[in-house]
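Structure first, then comments.
Numbering (this note's numbering), first residue to last: 494 to 1350.
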């Protein structure tokens, strides 16, 4: 029976069901019904494929921003449109769909192209996707214009449906701004996998094309058989030829049947690949949910900074040494201790890189963490546990399942787990049957503070490490770096043998690393390389002899010496400071008198900043007029032309500007700088000009709180996105000014400014809550996360005042502005409910009582 007589039957119903299911899946994934999408209506006006191409070209306007971007896109789309249109006509015969099968696909392509407008960085990946689709459809070209069997119609219908699913998944990924990662999954993650994938696809392409050629031959032979049948009685010779042709046809049909079965297997493979993509999409979505739930600090920023600072060859002696190699083989705890400035973080980065290299030959898991005095999220056990769990879950399916189970047990992330629950989750990961060797590397434990709280943040971490090591997990490898602080020694000494303890500043290999670093510096530095050779040798020899294993000390001396004239080199070497404290004293002494006040304020802000400050944010200090009876005032005309130069000019030895996720942030050049500026050693210095730079924490919080308020009080009713971008510190100020103002009640010193902010007749409260929703704690990271225009606050000024714990301001609002304590307005209900939620109820009630406004609670 010929193919043309088999177009009707149950298979058409199957095709309709498959395609309708694909349309439903598309709407579910994207939230966009294709049949009623505006772009579908535009397609109705297209009379030919050229019109469809022109319409899609208009939809792809985002690609015109790039050099020949739209030409590259349409080079793949134009032939694809032609194939789909022609193929759809053949496939559409005998089915019950009310539209051409190609129309929803054209609509899906149009929707995807429209979505790319906000994600222009992914245009190359998207072009690559359409390139793959074109090559795939090219294999089906032989079907166009041919009659189809029920089986082939259903099989090809599945392919069309899978194509629609790919468009849906890509559109959703584009909308979620994850297209770059998703497309990498579609086309391979590494060069090796790319090559394997392409080889695999080439074999499938060859198989498919063979089938198509055989189908064409079969169709041709079928026609010949009918012609011969009409003339079979002509001659015996022709009959014999027919017999031979029929036999050949039967053989050929058998071959074709086998090849069609291969097609079915290949299509199933395609469907499986699409399922894998969908699985990856779901996993990535869950990964984002877990990241949002755990809020794990990112240690890669610290790691990249330390790795970049590392001098070539540094730490080779340690990595190749017997202590480290034995630890890598046998596990347990390795403790690397060193005095301030010994280069522990640089060594830690080298350890991490070596373990990563080891993973290429030996399956293992690695998670690392850097405690960081500059970042509040990296100073406690919560940050440590969240980061370790997220890294292990990301690298291991088994660990992922454990973490996902924890997430599910907390109402799918609607509740937060305790620190104990996080620690228990980590132990569950380590106890998994067949768990790979797991390396946990933690740097700068001493930067976890040991000051406030019972237990302190550091005590909590030490208790956790003691418990973890004591659990005796056979496949656990822990490395800790820290200063030899007494409280750390008392816990770690009993947990590890002397052979697994390294005093970095005492090692001969450390001395050789310092020697190599100094020699390289004096020969490469633009100023020093013009010195006489004997002067360079003298500097190198002197610094190596006096370094005491401290890279930091050497760096500071080189930073000073490189500015010396040749005539003063020997004098400077004879007067070198012997300690870091003395080094920092000289740096402070060297600050010009006219810059001393600015430098001190910069230091104050860096000491207490809750997160690292960008150069532009910190440079706002130069634009603030502090010496006013009415309080600080922002002078936009005072802003420095080069914020980075202005910041570094204060004291480049003590502060540094580093790259951080595409931004430049300012930080102390070493933890020991902050420690020195806040120390009693500086506070009791006999030199008044040096003692001036001592930083009490309350004074530092006061300065930064007032700076933040000064910025917020510049934001009036004319504020919009464009205007907001001219205030670099606005986002930090909106989110953190309350944290600084609430430190030891420093807010009592600037109550007038706070009352101005909360005054319901002023626009400042609306501006603040527009940038940062203090009621929910939801922050907008950039102007792109904001609404188009300033909106009214969701709650009353009184509500926000008691939510922040400003009881005196609350009383002022009730008496002066008649604010209602029972008004239902915010997320927590009334102002009193908000006070209760935040633990400010007693203070609020006390102030209300003082004002003779007792409230029955």
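C-beta atoms are modelled at their ideal positions from N, C-alpha and C, and glycine is treated no differently.
Quick one: what's got a C-beta closer than 8 Å to residue 999's C-beta in the same chain, skipping five residues either side?
1042
Just checking residue 967 against the ligand MN - is the residue's beta carbon closer than 7 Å to any of the ligand's heavy atoms?
The ligand content of the structure shown is nil, which means the ligand MN is not present either.
Cα-Cα separation, residue 966 to residue 828:
A direct Cα-Cα distance of roughly 17 Å separates residue 966 from residue 828.
Between residue 510 and residue 657, what straight-line distance do the alpha-carbon atoms span, to the nearest angstrom?
14 Å
Reduced DSSP category for residue 1064 - H, G, I as helix; E, B as strand; rest coil
helix
For residue 987, decide whether its Cβ has a neighbour in chain C, counting only Cβ atoms nearer than 8 Å.
The chain inventory of the structure shown lacks chain C, comprising one protein chain alone.
What span of residues does the beta strand (DSSP E) with residue 1153 cover, start to end?
Per DSSP, residue 1153 belongs to the beta strand (DSSP E) from 1148-1153.
Is the separation between the beta-carbon of residue 912 and that of residue 878 shorter than 8 Å?
yes
Mapping the DSSP letters down to three states, classify residue 778 as helix, strand or coil.
helix
Bridge partners for residue 863 per DSSP, in chain order?
936.
Rounded separation between residue 1251 and residue 973 - CA only:
47 Å
Check whether the segment 1228-1243 touches the segment 1189-1207, counting contact only when three or more Cβ pairs, one atom from each stretch, lie closer than 8 Å.
yes
Have a look at 1049, 1170, 987 and flag the residue whose alpha-carbon is nearest the alpha-carbon of residue 1011.
1049
How close, in whole Å, do the beta carbons of residue 835 and residue 1044 come, if the pair is a contact with beta carbons under 8 Å?
7 Å
Candidates 1161, 896, 1254, of which the one nearest residue 865 by Cα
The shortest C-alpha separation from residue 865 is found at 1161.
Below 8 Å CB to CB, which residues in the same chain sit around residue 577 once its five sequence neighbours on both sides are set aside?
595, 598, 599, 630
Within its chain, find whatever has a CB closer than 7 Å to the CB of residue 896; leave out the 5 residues flanking it on each side and keep chain order.
783, 882, 886, 918
Cβ shell of residue 540 (< 6 Å), same chain only, five flanking positions each side left out:
none
Residue burial classification, residue 759 (beta-carbon count within 10 angstroms, cutoff 16)
buried
Between the Cα of residue 1029 and those of 1058, 890, 1006, 1304, spot the shortest distance and give me the residue it belongs to.
1058
How would you call residue 525, buried or exposed, if buried means at least 16 neighbouring beta carbons within 10 angstroms?
Flag for residue 525 reads buried.
Among 1254, 1296, 1285, the one whose alpha carbon lies nearest that of residue 1311
1254
Whole-angstrom distance between residue 1138 and residue 1111, CA atom to CA atom:
12 Å
Which residue from 1239, 1096, 1285 puts its Cα closest to that of residue 1256?
1285
Tell me the residue span of the alpha helix (DSSP H) that contains residue 923.
Taken as a continuous stretch (DSSP letters only), the alpha helix (DSSP H) holding residue 923 covers 912-923.
Where residue 937 and residue 795 are concerned, what is the direct C-alpha to C-alpha distance, given to the nearest angstrom?
11 Å
If you count every other CB in all the chains shown that lies within 10 Å of the CB of residue 1166, and 16 or more means buried, which is it?
In summary, residue 1166 is buried, with 16 or more beta-carbon neighbours lying within 10 Å of its beta-carbon over all protein chains present.
Label residue 611 either buried or exposed according to how many other C-beta atoms from any shown protein chain fall within 10 Å of its C-beta, with 16 as the threshold for buried.
Bear in mind that a pLDDT of 45 at residue 611, under 50, signals an unreliable position, so the number given afterwards is only what the model happens to contain. Under this definition residue 611 is an exposed residue.
Determine the burial state of residue 750: buried for a count of at least 16 other Cβ atoms within 10 Å of its Cβ, exposed for fewer.
exposed
With distances taken between CB atoms, is the gap from residue 1066 to residue 1032 smaller than 8 Å?
yes
How big is the Cα-Cα spacing for residue 777 and residue 1185?
52 Å
For the segment 1015-1058, list the beta strand (DSSP E) runs that are entirely contained and at least 3 residues long, ordered along the chain.
The segment 1015-1058 contains no whole beta strand (DSSP E) run of 3 or more residues.
May I have the straight-line CA-CA distance separating residue 942 from residue 872, to the nearest angstrom?
Looking at the two C-alpha atoms, the distance is approximately 7 Å.
Based on DSSP bridge pairs, tell me the residues matched to residue 1264.
According to DSSP, residue 1264 bridges with nothing at all.
Inter-residue spacing [alpha-carbon to alpha-carbon] between residue 858 and residue 779:
21 Å
Taking the Cβ atom as the reference point for each residue, do residue 770 and residue 660 lie within a distance shorter than 8 Å?
Residue 770 is not a Cβ neighbour of residue 660, given a cutoff of 8 Å.
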